[in-house]
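Novice: Top line first, the protein sequences correspond to chains F and C. Under full-length UniProt numbering, think of the first position of the first sequence as 1, with each following residue one higher. Under full-length UniProt numbering, think of the first position of the second sequence as 1, with each following residue one higher.
2 protein chains.
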Amino acid sequence: MASSVSLAEIRKLSPEADKSWLDTIIKGDCVAALEALPAGSIDMIFADPPYNLQLGGDLTRPDQSAVDAVNDHWDQFESFQAYDAFTRAWLLACRRVLKPNGTIWVIGSYHNIFRVGSSLQDLGFWLLNDVVWRKTNPMPNFRGRRFQNAHETLIWASRDADAKSYTFNYEAMKAANDDVQMRSDWLFPICTGGERLKDENGRKVHPTQKPEALLARIMMASSKPGDVVLDPFFGTGTTGAVARRLGRHFVGVEREDSYIDAARKRIDAVEPLGKAELTVMTGKRAEPRVAFNVLIEAGLIRPGQVLTDSRKRFKAIVRADGTVVADNVAGSIHKVGAAVQGFDACNGWTFWHTEKDGELAPIDEFRTIVRAEMARAG
Amino acid sequence: MASSVSLAEIRKLSPEADKSWLDTIIKGDCVAALEALPAGSIDMIFADPPYNLQLGGDLTRPDQSAVDAVNDHWDQFESFQAYDAFTRAWLLACRRVLKPNGTIWVIGSYHNIFRVGSSLQDLGFWLLNDVVWRKTNPMPNFRGRRFQNAHETLIWASRDADAKSYTFNYEAMKAANDDVQMRSDWLFPICTGGERLKDENGRKVHPTQKPEALLARIMMASSKPGDVVLDPFFGTGTTGAVARRLGRHFVGVEREDSYIDAARKRIDAVEPLGKAELTVMTGKRAEPRVAFNVLIEAGLIRPGQVLTDSRKRFKAIVRADGTVVADNVAGSIHKVGAAVQGFDACNGWTFWHTEKDGELAPIDEFRTIVRAEMARAG
DNA sequence: GGCTGATCTGAATCATCTA
DNA sequence: GTAGATGATTCAGATCAGC
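1) What residues in its chain sit with their C-beta under 6 Å from that of residue 106(F), if we drop five residues either side in the sequence?
2) According to the neighbour-count rule (16 or more other Cβ atoms, all chains shown, within 10 Å of its Cβ), is residue 180(C) buried or exposed?
3) So is residue 36(C) in contact with chain F if we call contact Cβ pairs under 8 Å?
4) Measuring only between beta-carbons, confirm whether residue 359(F) sits less than 8 Å from chain C.
5) For chain C, find out if any of its Cβ atoms is closer than 8 Å to the Cβ of residue 209(F); answer yes or no.
6) How long is the line joining the alpha carbons of residue 246(F) and residue 195(F), rounded to whole angstroms?
7) In whole angstroms, what separates the C-alpha of residue 352(C) from that of residue 325(C)?
8) Taking residue 149(C) as the query, report the chain F residues whose CB atoms sit under 7 Å from its CB, ordered along the chain.
9) Does residue 244(F) have its Cβ less than 8 Å from a Cβ in chain C?
10) Using beta-carbon positions only, say whether residue 235(F) and residue 209(F) come within less than 8 Å of one another.
11) Taking Cβ positions, are residue 151(F) and residue 135(F) nearer each other than 8 Å?
12) Considering only residues of the stretch 188-212 of chain F, which uninterrupted beta strand (DSSP E) runs meet the minimum length of 3 residues and lie entirely inside it, listed in chain order?
13) In this structure, does DSSP put residue 323(C) in helix, strand or coil?
14) Might you give, ordered along the chain, the residues of its own chain that have their beta carbon closer than 6 Å to the beta carbon of residue 50(C), omitting 5 neighbours on each side?
15) Chain C beta carbons: is any one of them nearer than 8 Å to that of residue 374(F)?
16) Of all Cβ atoms in chain C, is any one closer than 8 Å to the Cβ of residue 227(F)?
17) Please classify residue 71(F): is it buried, with 16 or more other beta-carbons within 10 angstroms of its beta-carbon, or exposed?
18) Is DSSP giving residue 99(C) helix, strand or coil here?
19) Helix, strand or coil for residue 290(F), going by three-state DSSP, please let me know.
20) When you compare the CB of residue 51(C) with every CB in chain F, is at least one pair closer than 8 Å?
21) Could you please tell me which residues of the stretch 332-347 of chain F, in chain order, have their CB closer than 9 Å to any CB of chain C?
22) Take residue 30(C) and list the residues in its own chain whose beta-carbon comes closer than 6 Å to its own, dropping the five residues that flank it on each side.
23) Going by the CB atoms, is the gap between residue 42(C) and residue 98(C) shorter than 8 Å?
24) With a CB to CB cut of under 6 Å and the five nearest residues on each side skipped, what residues in its chain are close to residue 63(F)?
25) Note down, in chain order, each residue of its chain lying with its Cβ closer than 8 Å to the Cβ of residue 367(F), except the 5 sequence neighbours on either side.
26) With burial defined as no fewer than 16 other Cβ atoms inside 10 Å of the residue's Cβ, what is the status of residue 27(F): buried or exposed?
27) What distance in whole Å lies between the Cβ atoms of residue 266(C) and residue 241(C), which are believed to be in contact at a cut-off of 8 Å?
28) Taking any Cβ of chain C, which residues in the stretch 99-127 of chain F have a Cβ under 9 Å from it, in chain order?
29) If we count Cβ pairs, one from each stretch, closer than 8 Å, do we get three or more for the stretch 266-277 of chain F versus the stretch 295-312 of chain C?
30) Can you check the stretch 231-276 of chain F for any alpha helix (DSSP H) of at least 4 residues that lies completely inside it and give the ranges in chain order?
31) Taking DSSP as the reference, what is the three-state secondary structure of residue 186(C)?
32) Using beta carbons (cut-off 8 Å, strictly below), is residue 140(F) in contact with chain C?
33) Across which residues does DSSP place residue 361(C) in a beta bridge pair?
34) In or out: residue 363(F) buried (at least 16 other Cβ within 10 Å) or exposed?
35) Indicate whether residue 148(F) and residue 183(C) have their beta-carbon atoms separated by less than 8 Å.
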């Protein structure tokens, strides 16, 4: 499952046809490694970049941007600049491989997340949410000079400002959250216990292993089964393990052999879930469209029938062509519904009702019947 | 108490002896106004700058009513560069008037907070914490395209990296927080009800008035009685009102006359607390709400597992997204529980059971386990 | 006055498909 | 690409109307 491939091997293959990089860990620096992947090939990215600000020689590209600040903190400023250059480089590489409707998640702490967020904005990503991971069991502040650092911040962004059809499983998130919208503050324990990878001496393999529950929430929210999820700082492969379990493909980039080895073993041991368990809750948006006149043709509504709103303040009469008429307005169920209320818009399906045995029922119920028949007919 | 003084008036006085600007609102642009204050004269700054929301078209609620958006002229910026220049200018002005051991708080949303955080770091401030204000009652996401934006971010920073003796009332915070360290995630309602300033027509005076509880937490944590607290974007004077109540001096800078008038009346009506009452204040605590997917994420319930009612008449299968499926219905535990019984509503927590060692137990028992952990995290 | 249910509102970067 | 039509979408809490 999780085998390592060389860059050269990938490059000599046709990028179009080549899918050999799916479900693999690419060894190397993330900017260079990502150049080997085809543009627009990734559905979702999760990135947990280093936030050590004393980066030294690890940075890959010189900074090209002008410095217009004047202050007496040159040393410090230079290291922020270096971190910014590093950040822009890997974010640009990620942006190239991301599909137009793909999204990226980046996690960080107050040491680096403001640099990351600014860079995302500067490079043209469009921020969708910032999400707070509240830790149930954070490390205490030992010196008592600050608040206990009990959260980390995630940024969720689309590739472009006008990206509209990115994946967000709104109904699934809501249904899973006691039927109320999922908020931007999430509560999870940090990664400890059996989930935490240890070496033969009982020492943790990676210093900042993220909990699988966090990655699962992210992937369930913003990806679909079969999607390709990239992690440019793969570490010990939490992203890969969760992706495999949830029926997503992964690509990881990692420099350290010890992490790659641990990740590969870990991912190979994962048992993927079945199709039924992975089916995602969808809402009306995903249902096939039904035109109003189909209800007439099916005999569920007849021409001349009277429609009213739920409080019987307005009424409209159905015409044979699938339009309706109220006082001085005629048109679609939506147009007429909006007009009688004086609104710009209206969902006619839920606004208009018919009377059946003395009880009012929205015409949307007939649409449900039609949809069920459509589903049976394929 | 809260009188307005002209810049010229302040300037002609000796800056050393002059304290006439204490407990006043200075009318004008904040950068220019701050030039009139002596350097190193401020103990703590709270700043609620424009967020640069970049809103597109109008937004309507599902009932077609209009959302009252923040589209004020003061929140319009041409570009991120323009916003950054504005941010650096006012932060530099703040830095000059801040005492060497003073600290600054800035609040923002994901639209601007990354720019603010980066600028703070670039200008030599030293970040101490980022703090999350979790809203008990945030505005919903009306289109279902993102997570509900349920928090705002505060950054707390000292003037310099090597500042050691800034004020942090660690013991008071801990005592106020049930004798455990105060965390970086705080829970408060947004400012509504009697606290929200309204004009004679019942409309809100300021679009973004902050709750006094938030300011009280900030001042109790990071200032002492008698300290001078500056607010460069004073608005309707929440900072001034809380400062006066808590025995701190304030200085406010504000451009709009209507806000200044409202703030002055408001502050004059504040009754300062006595010395004894200034010691410990407590905040509201969370009512632990647990969603079904938390049990999955915690590994207490696994995707594919079968749930039944107490008499095993109905069964449902758990999916990875936190929804469940029975015969022809899918959705939340509540929705599906209601559907299989033919009811309108159902408490899925007590209706659905799992089998463990041949005995049925309601899934509510798992929730109890999770609640214990959540309680620890506040 | 008290209770019940309807209405209103809050820092919001909030569509998608067909012609 | 753009214009027009379809039709999807809200939580907590304060306030108010009506009994």
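Beta carbons are placed, not taken as given, at the ideal position from N, Cα and C, and that holds for glycine. On a predicted model such as this, the values are computed, not experimentally measured, just so you know.
Specialist: Concretely, from the data shown:
1) Position 106 of the first sequence, counted from the first residue, corresponds to residue 106(F). Result list for residue 106(F): 47, 116 and 155, in chain order.
2) Translated into the one-based positions of the second sequence, residue 180(C) becomes position 180. Per the 10 Å Cβ criterion, exposed.
3) For the purposes of this step, residue 36(C) is identified with residue 36 of the second sequence, where counting begins at 1. For residue 36(C), the answer is no, since every Cβ of chain F falls outside 8 Å of its Cβ.
4) Taking the first residue of the first sequence as 1, we reach residue 359(F) at position 359. No, residue 359(F) does not count as interfacial toward chain C.
5) On the first sequence, position 209 is the one that residue 209(F) refers to. No, its Cβ sits nowhere closer than 8 Å to a Cβ of chain C.
6) The residue labelled residue 246(F) in the question sits at position 246 within the first sequence. The residue labelled residue 195(F) in the question sits at position 195 within the first sequence. Looking at the two C-alpha atoms, the distance is approximately 17 Å.
7) The sequence position of residue 352(C) within the second sequence is 352, counting from 1. The sequence position of residue 325(C) within the second sequence is 325, counting from 1. In a straight line, the C-alpha of residue 352(C) is about 12 Å away from that of residue 325(C).
8) Here residue 149(C) refers to the residue found at position 149 of the second sequence. What residue 149(C) touches in chain F: 129 and 184.
9) The residue given as residue 244(F) occupies position 244 in the first sequence. No, residue 244(F) does not count as interfacial toward chain C.
10) Numbered from its first residue, the first sequence carries residue 235(F) at position 235. Numbered from its first residue, the first sequence carries residue 209(F) at position 209. Against a cut-off of 8 Å, the Cβ pair of residue 209(F) and residue 235(F) comes out as a contact.
11) As a working note, residue 151(F) is residue 151 in the first sequence. As a working note, residue 135(F) is residue 135 in the first sequence. Against a cut-off of 8 Å, the Cβ pair of residue 135(F) and residue 151(F) comes out as a contact.
12) none
13) Working through the second sequence from its first residue, we reach residue 323(C) at position 323. Coil at residue 323(C), not helix or strand.
14) As a first step, residue 50(C) must be located in the second sequence, where it is residue number 50. Excluding sequence neighbours, residue 50(C) sits near 74 and 75.
15) Your numbering for residue 374(F) matches position 374 in the first sequence. It does not; no Cβ of chain C falls within 8 Å.
16) Within the first sequence, numbered from 1, the residue matching residue 227(F) stands at position 227. It does not: the Cβ of residue 227(F) has no partner Cβ on chain C nearer than 8 Å.
17) Numbered from 1 along the first sequence, position 71 holds the residue referred to as residue 71(F). Model confidence at residue 71(F) stands at a pLDDT of 39, short of 50, so the residue's coordinates are unreliable; what they give is reported in the following sentence. By the 10 Å Cβ count, residue 71(F) comes out exposed.
18) In the second sequence, the residue the question calls residue 99(C) occupies position 99. Three-state result, residue 99(C): strand.
19) For the purposes of this step, residue 290(F) is taken as residue 290 along the first sequence, with counting starting at 1. Residue 290(F): coil per DSSP, three-state reduction.
20) Taking the first residue of the second sequence as position 1, residue 51(C) is located at position 51. Residue 51(C) does not count as touching chain F.
21) 338, 341, 343, 344, 345, 346 and 347
22) Position 30 of the second sequence, counted from the start, is the residue given in the question as residue 30(C). Hits under 6 Å: 90, 232 and 253.
23) By 1-based counting over the second sequence, the position of residue 98(C) is 98. By 1-based counting over the second sequence, the position of residue 42(C) is 42. For residue 98(C) and residue 42(C), yes; Cβs fall inside 8 Å.
24) The sequence position of residue 63(F) within the first sequence is 63, counting from 1. Unreliable placement is indicated for residue 63(F), whose pLDDT of 41 sits below 50; the coordinate value is still reported in the next sentence. The answer, listed in chain order, is 81 and 85.
25) As a working note, residue 367(F) is residue 367 in the first sequence. Within the same chain, residue 367(F) has close Cβ partners 290, 295 and 349.
26) In the first sequence, counting from the first residue as 1, residue 27(F) sits at position 27. By the 10 Å Cβ count, residue 27(F) comes out buried.
27) Against the second sequence, residue 241(C) aligns to sequence position 241. Against the second sequence, residue 266(C) aligns to sequence position 266. Residue 241(C) to residue 266(C), Cβ: 5 Å. Contact.
28) 109, 110, 111, 113, 114, 115, 116, 117, 118, 119, 120, 121, 122 and 127
29) yes
30) 238-245 and 257-268
31) Counted from its first residue, the second sequence places residue 186(C) at position 186. In the structure shown, residue 186(C) sits in a strand (DSSP, three-state: E or B).
32) By 1-based counting over the first sequence, the position of residue 140(F) is 140. Residue 140(F) counts as touching chain C.
33) In the second sequence, counting from the first residue as 1, residue 361(C) sits at position 361. Residue 361(C) pairs with 354(C).
34) Counting from 1 along the first sequence, the entry for residue 363(F) is found at position 363. Classification for residue 363(F): buried.
35) Indexing the first sequence from 1 puts residue 148(F) at position 148. Indexing the second sequence from 1 puts residue 183(C) at position 183. Taking 8 Å as the Cβ cut-off, residue 148(F) and residue 183(C) qualify as a contacting pair.
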